[in-house]
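Structure, as structure tokens:
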Amino acid sequence: LSELGSESAKIKAMGIMDKLSTDKTVKVLNILEKNIQDGSKLSTLLNHNNDTEDEERLWRDLIMERVTKSADACLTAINIMTSPNMPKAVYIEDVIERVIQYTKFHLQNTLYPQYDPVYRVDPHGGGVLSSKAKRAKCSTHKQRVIVMLYNKVCDIVSSLSELLGIQLLTDTTILQVSSMGITPFFVENVSELQLCAIKLVTAVSTF
2 LSELGSESAK IKAMGIMDKL STDKTVKVLN ILEKNIQDGS KLSTLLNHNN
52 DTEDEERLWR DLIMERVTKS ADACLTAINI MTSPNMPKAV YIEDVIERVI
102 QYTKFHLQNT LYPQYDPVYR VDPHGGGVLS SKAKRAKCST HKQRVIVMLY
152 NKVCDIVSSL SELLGIQLLT DTTILQVSSM GITPFFVENV SELQLCAIKL
202 VTAVSTF
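The sequence shown: position 75 = 76 (the numbering used here), numbered continuously.
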């Protein structure tokens with residue numbers, strides 16, 4: 002799926018995506034939707050109290066692998082839809098909604114807690130810390146896989162703003178996209194995402 006994401010970006014840049022068979026492209030999008038769905042609601046913030054550290058790491062690696070594959074599926078689907086001169090049949094509402102659902106969930110539940118400790122839930126309870134205290138305790142070290150996911154999600158958000166300029170979306174979808182575009186401005190340490198969100202909010206306001 003990672004290769005498919007890269008190849009779809011190249012084909013989009015070459016402007017030849019519309020030369021592919023519409024039927025085959027629609028089939029690919031429907032398969033991609035299943036792959037997006039696979040990781041769209043998987044929580045990466047595990048707390049299996051009875052697990053050893055190695056077991057928990059193994060679980061997290063397995064989950065992150067599925068979440069990353071779903072991100073690649075999102076990118077491939079969006080690359081197809083935002084390519085020039087694509088037929089109307091490729092703008093499948095269910096696929097678009099699935100991409101948005103995936104992105105919102107993992108921004109809120111995976112990336113924001115990793116980048117801004119205010120969004121982090123203490124699995125062991127403990128006293129309530131102020132936002133300032135939480136941020137002071139935060140480590141700046143990020144796992145490579147989290148950084149990779151963050152970059153992919155930034156690309157998805159940026160591409161969604163392109164999609165808004167191409168395809169008419171339902172009011173419900175626009176509402177979801179709007180909240181996704183506004184939230185990053187209340188999160189610290191996500192400046193790249195905020196730049197993508199500016200594009201998204203601008204696209205929504207001119208919709």
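Beta carbons are placed, not taken as given, at the ideal position from N, Cα and C, and that holds for glycine.
- Query: Comparing alpha-carbon positions, which option in Ile101, Lys70, Val205 and Leu33 lies nearest Ala78?
  - Reply: Ala78 has its Cα closest to that of Leu33, out of Ile101, Lys70, Val205 and Leu33.
- Is Glu189 helix, strand or coil by DSSP? DSSP places Glu189 in coil when its eight states are reduced to three.
- Task: Evaluate the contact criterion for the stretch 73 to 88 versus the stretch 32 to 46: three or more CB pairs, one atom per stretch, below 8 Å.
- Result: Contact between the stretch 73 to 88 and the stretch 32 to 46 is present: three or more C-beta pairs spanning the two stretches fall below 8 Å.
- Message: Would Glu193 and Cys155 be called neighbours here (beta carbons separated by less than 7 Å)?
- Response: For the pair Glu193 and Cys155, the CB atoms are nearer than the 7 Å cut-off.
- Determine contact between the stretch 111 to 125 and the stretch 162 to 170, defined as no fewer than three beta-carbon pairs at a distance below 8 Å. Three or more Cβ pairs closer than 8 Å define a contact, and the stretch 111 to 125 falls short of that threshold against the stretch 162 to 170.
- Task: Return helix, strand or coil for Asn58, following the three-state DSSP convention.
- Result: Inspection of the sequence shows that residue 58 is occupied by Arg rather than by Asn. Taken through DSSP and simplified to helix, strand or coil, Arg58 comes out as helix.
- Query: How many angstroms separate the CA atom of Leu63 from the CA atom of Gln195?
  - Reply: Counting only the Cα atoms, Gln195 lies some 29 Å from Leu63.
- Query: Can you round the beta-carbon distance between Val91 and Leu30 to whole angstroms, since I take them to be within the 8 Å contact cut?
  - Reply: For a cut-off of 8 Å, the C-beta gap from Val91 to Leu30 is around 6 Å, short enough to register as a contact.
- Message: Output needed for Lys25: all residues of its chain with C-beta closer than 7 Å, excluding positions within five of it in sequence on either side, in chain order.
- Response: Listed in chain order, the non-local C-beta contacts of Lys25 below 7 Å within the same chain number zero, local neighbours out to five positions each way being set aside.
- Please report how far the alpha carbon of Thr23 lies from the alpha carbon of Gln115, in whole angstroms. Using only the alpha carbons, I get a separation of about 40 Å.
- Message: Among Ile17, Ile147, Glu54 and Phe106, whose alpha-carbon lies nearest the alpha-carbon of Thr69?
- Response: By alpha-carbon distance to Thr69, the top candidate from Ile17, Ile147, Glu54 and Phe106 is Ile147.
- Task: Use the C-beta contact count for Lys42: other C-beta atoms within 10 angstroms, 16 or more gives buried, fewer gives exposed.
- Result: In this structure Lys42 is exposed. Its beta-carbon is surrounded by fewer than 16 other beta-carbon atoms within 10 angstroms.
- Using only alpha-carbon positions, find the residue among Thr45, Ile12 and Lys28 that is nearest to Thr83. For the residues Thr45, Ile12 and Lys28, the minimum Cα distance to Thr83 belongs to Ile12.
- Task: Grab me the residues of Ser162's own chain with a C-beta within less than 6 Å of its C-beta, minus the 5 sequence neighbours each way, in chain order.
- Result: Excluding residues within five positions, the ones whose Cβ falls inside 6 Å are Lys200, Leu201 and Ala204.
- Task: Could you have a look at Asn152 and say whether DSSP puts it in helix, strand or coil?
- Result: Asn152: helix per DSSP, three-state reduction.
- Message: Using only the alpha-carbon positions, how far apart do Asp95 and Thr173 sit?
- Response: Asp95 and Thr173: Cα-Cα distance of roughly 13 Å.
- Query: For Pro118, which option in Asp19, Val188, Ala72 and Met87 has the closest C-alpha, if you only look at C-alpha atoms?
  - Reply: The shortest C-alpha separation from Pro118 is found at Val188.
- Report yes if the C-beta distance between Ile157 and Thr104 is below 7 Å; otherwise report no. Using a Cβ distance threshold of 7 Å, Ile157 and Thr104 count as a contacting pair.
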